[in-house]
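Residue numbers (this note's numbering): 119 to 1056.
All C-beta atoms, glycine included, are put in the ideal place defined by N, C-alpha and C.
Okay, so here's the structure we're looking at.
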Amino acid sequence: MSDNSVTEQQKEWQAAIASNDVERLNNAAVRLASDGNLGIVELFDTAQRLSGAQRNDHAQSLYRVWLDNTKSPLAYAAWFNLAVLQVEGDQAAAEASYRAALAQNPQFVEGLLNLGTLLERMKRPEESLELWHRAVNLSPPNTAPTRALRVQALNNIGRLQEILKRMPEAEAALAESLRLEPDQRNVITHWVHLRQKQCNWPVFDQSIGITERKLLDGTSALAMLSASPEPIEQVGASQRYVEEKVLKGVAPMATAGYKHERLRIGYLSSDFCSHAVSILTAELYGLHDRSKFEVFGFCWSREDGSPLRARVIAGMDHHIRIGALSDLEAAQLIRACEIDILVDLHGLTLNARHNILSYRPAPVQVTWLGLPGPTALPEIDYVISDPFVMPPELEPFFTEKPLHMPHTFQINDRQRQIGPKPSRQSCGLPEDAYVFCAFNNTFKIIPEVFDSWMRIMHAVPHSVLWLVADGDIVRTNLQREAKLRGIDPDRLLFAARVAPADYLARFQVADLFLDTSPFGGGTTASDALWAGLPVLTCAGKTFSSRMAGSLLRAVGLPELVTFTMADYEALAIKLGNDRAATAELHKKLDDNRLTAPLFDSERFVRDLEERFLEIVVDPDRAIAPNGFPLVSILIPTHNRPDYCELALKSALAQTYPNVEIIISDNSDDEATRTRFAPYIAKHPQIRYYRVPGYSQYDNGVNCLKHSRGDYFNYLMDDDLFHPDKIMRMMSFMLTDEKIGLVTSFRQLIDAVGNDIAPIPGTERLFETEVRLNGAQLGHLLLTGGRNLIGEPTTVLIRKSAMEQKFGVFTGRQYMVLSDVATWLAILTHHDAVYLPETLSYFRLHGLQDQRGNGQAIRANVDWIQLYSDALQHGRFLESPTADEQLASKLTTCIWYLGTMREEIRNGNFDVARIEETISHAMRMLLTKPAARGAHGAA
């Protein structure tokens, strides 16, 4: 082909790009590629454009034409890109393309990585591992690009080896990855838990080059239940996870209740199969009173074909598979089912889909069983608990409110079959030994507990310790640790995994179950008790350490609950040397087992249903029994527990009888949560949300998002309410639906509560009660020197009068003056009432006077924008005084721009936006109709 022809084709290709015509672009590129005249850069660019236009078929065809007609040393890159496009639709073709790329360039590490990932998806893990090991060998750590590829390959190896339960290999790969790149919190998470599972102590091994604090910060919420006995560490782990992984800030799908003849309960889980959660709950679903409750199961569980899964599904009225749905689609489906109470059975455990909950598809959301600790999920309202497992002193470390069951938090399945009692010989146990059984998962065993067990065995010479271990490495590690503590390793015996009925039967040949701490047994402890084996536990400060204690109290064996490891040890030794006392415990358990609350599943379900009826959102919930609608007092707070506590007390002192109090705390520490714990426990109308990292605006919006009242009033943490504030203002709201907001005078006070003379511009607007229409009050807000009416604390709002969301006026979102924008939106169609009496108090402190020029600039710009928007949309345009005020503000801002341009730039202000806003306002003034009294000051 002549050079002229090539040039014409290239011009056509360029014109096709400019025209944004996909078909034209594809045809032009194919012609160039067919003649071998399409450069590889142009190939990649065209294919990306085609793919971006959802024409993967064109992009793939173009790659094939190019590869058939172009000889290039870079063809392997084209094969690679083609494979990427093929992966979702044709895995076999994608594999062939990746292999073609590697045939041309065997050292192409990205190809090895991607092909390995594809083969893993195709259930060929050994081939994946082989490719990734080649990638490691081809990626030396001495340069940044190759080191990054090496880290990626090592992480792939570690992840897949963990899935294959090859824990030492997985740990080794992740350790090397962390030595190369320590700042990988997600990798730390897996590495720590792998060491826990293997009993590879110390778990927080700093020889890897990472500090213990950093390792703790990377520990998962589940692993932290074993790693620390401190509640603050456990909630911290959950909060870090939520901050990094959980969808936040989305509008709730369900806030109001429904009018169903039967309450709709939805259970959300991927464990409706042969799993500990179903082992506990299998009987639950079918026991619900069908005259009052309708049971839904939303499931993404594996189809394991087990009888347990069949029982669970049979107990539900509606079993709905959501595995193929996105989180948003699943939430929409749940919302469409009008679920009254959604019970999440996951928490933050494996396969959790917490983002479904982020959309709040149900008005009440509860967590249960999955994670025996705080989830920190903002959209979870309650955790099913009991007064022992979650005492008042633990509540400040939970974001969820406790939903206390009267006996125990845990349900049990009475239909679990116990196999024939085996002989000790068949279990590999000595006939005459005292058998201490410790069947909890090995990641719950920590050195301090193991130390205690070894001291117990020293003091009970004819005893053995019977454990369950997955893999030789756990046996090796624990036997080594026993030997280091002076115990014959042969006294540690290990049980293999067996069928559920045989597993339960084995408990019958043991003498005493030794619980772990701080992560004790839940399902395993109840398994032991159901089979007739007494459990000895040490209850600590955390939910996870108190589970077995709750079960023992509910089965009539409170004497086996200790509260220090010294007492735990002493009681184990006493029982180990007193067969008669041990036999008496067995008999007591056998006598109580079938009548005690722990295994009275019907009683548990009736109690649970009573709790559900207490928390369900009544569709008429805004009206209290005394006829008063619900008012939400919203308290956003940041790092001021002393001030906020006084604000909370003033909210609790309201004489209005139907108030809820929503607190959103974005403080840097736990001081406010700790301070509020007694109030939250005592006053059910308080709901507290801990959201570290939220901005001031987000914190306020979070309060409003969780409110359920038809009316709301913000209470800033440096303000106080008069006890009659809400009652006085609601007297106007209840008599006239035209009123959208009620505001009042706010008195300035000092730190001890004495009145201070008002700052100029904050005096009373009127000396008598005044009703204002939107135009009148709009002008007051737009032209006032200070936002006296618009201060959030002073204003009670009718929620239905608010336009769109908070801070939106004529479609524009305001941040600095979000409150004023909200009031202006309300005033478009509603009136306001101003009350001259002091119904709010503002405590002056240093932080209030530290606003620099930056805040002034932002506020002035927002004022101008607000007035311009009102002007443009024909709102509040009746007074020429407003134009004079606007002209004055324009002059001020122009002066700022002229004299402080550099300071503005250094403060990261958008100077262009400021100039554009001023210009817009000036144009609006100049083009106003003469009838409206335009002024020429601009």
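Beta-carbon separation (whole angstroms), residue i vs residue j, contact threshold 8 Å
| i | j | result |
| --- | --- | --- |
| L278 | L247 | 6 Å |
| L630 | P652 | 6 Å |
| V310 | L333 | 6 Å |
| L693 | T682 | About 17 Å separates the two Cβ atoms, so there is no contact after all. |
| A372 | R453 | 6 Å |
| V749 | I874 | In fact, because the Cβ distance is near 29 Å, the residues do not count as touching under 8 Å. |
For residue i: DSSP bridge partner residues
| i | result |
| --- | --- |
| K519 | Y500 |
| H472 | Its beta-bridge partners do not exist; DSSP assigns none. |
| A556 | L585 |
| D873 | I867 |
| S570 | Answer is none; S570 lacks a bridge partner. |
Spatial distance of residue i from residue j (CA atoms)
| i | j | result |
| --- | --- | --- |
| M508 | D301 | 35 Å |
| R671 | C656 | 13 Å |
| D458 | F416 | 14 Å |
| R478 | E456 | 12 Å |
| Q814 | Y359 | 21 Å |
| L822 | Q803 | 15 Å |
| V395 | W418 | 14 Å |
| F757 | I350 | As written in the sequence, residue 757 is Asn, which differs from the Phe given in the question. Those two C-alpha atoms are separated by around 17 Å. |
| M848 | D828 | 11 Å |
| L1043 | G929 | Model confidence at L1043 stands at a pLDDT of 48, short of 50, so the residue's coordinates are unreliable; what they give is reported in the following sentence. The alpha-carbon atoms of L1043 and G929 are separated by roughly 21 Å. |
| M933 | A939 | 9 Å |
| A290 | R313 | 10 Å |
| N72 | S179 | Shown here, the chain extends from 119 to 1056; a query on residue 72 therefore has no answer. |
| T1057 | D685 | This structure leaves residue 1057 out entirely; the chain is present only between 119 and 1056. |
| L108 | A698 | In this structure the chain extends from 119 to 1056, so residue 108 is not present and cannot be described. |
| V305 | N273 | 7 Å |
| S503 | K315 | 27 Å |
| H948 | V913 | 14 Å |
DSSP-derived helix/strand/coil call for residue i
| i | result |
| --- | --- |
| I457 | coil |
| V368 | coil |
| N776 | coil |
| V413 | strand |
| Y761 | helix |
| R268 | helix |
| N223 | coil |
| V749 | strand |
| P83 | Here the chain covers residues 119 to 1056 and nothing more, so residue 83 does not appear. |
| R542 | coil |
| G207 | coil |
| Q172 | coil |
| Q128 | helix |
| E881 | coil |
| A955 | The question names Ala, yet the displayed sequence has Glu at residue 955. In this structure, E955 counts as strand in the three-state DSSP scheme. |
| A714 | coil |
| C391 | coil |
| F506 | coil |
| N232 | helix |
| Q483 | strand |
Sequence-distant residues of the same chain with beta carbon closer than 7 Å to residue i, five excluded per side
| i | result |
| --- | --- |
| G546 | L611 |
| V183 | V148, A151 and S152 |
| I326 | A293, L296 and R297 |
| V140 | L168, A171 and R173 |
| P505 | H522 |
| A218 | W197 |
| I563 | C317 and T634 |
| R624 | P540, C545 and A613 |
| P538 | A623 |
Contacts around residue i, its chain only, beta-carbon distance under 8 Å, and the 5 residues preceding and following it disregarded
| i | result |
| --- | --- |
| E549 | R542 and Q543 |
| E245 | G234 and L237 |
| N187 | A151, S152, D153 and G154 |
| L689 | L654, L678 and T680 |
Residues near residue i by beta carbon distance below 6 Å, same chain, minus five either side
| i | result |
| --- | --- |
| N817 | P754, S782 and N784 |
| D674 | Correcting the residue type first, residue 674 is Gly in the shown sequence and not Asp. N710 and A714. |
| W319 | P565 |
| R805 | I780 |
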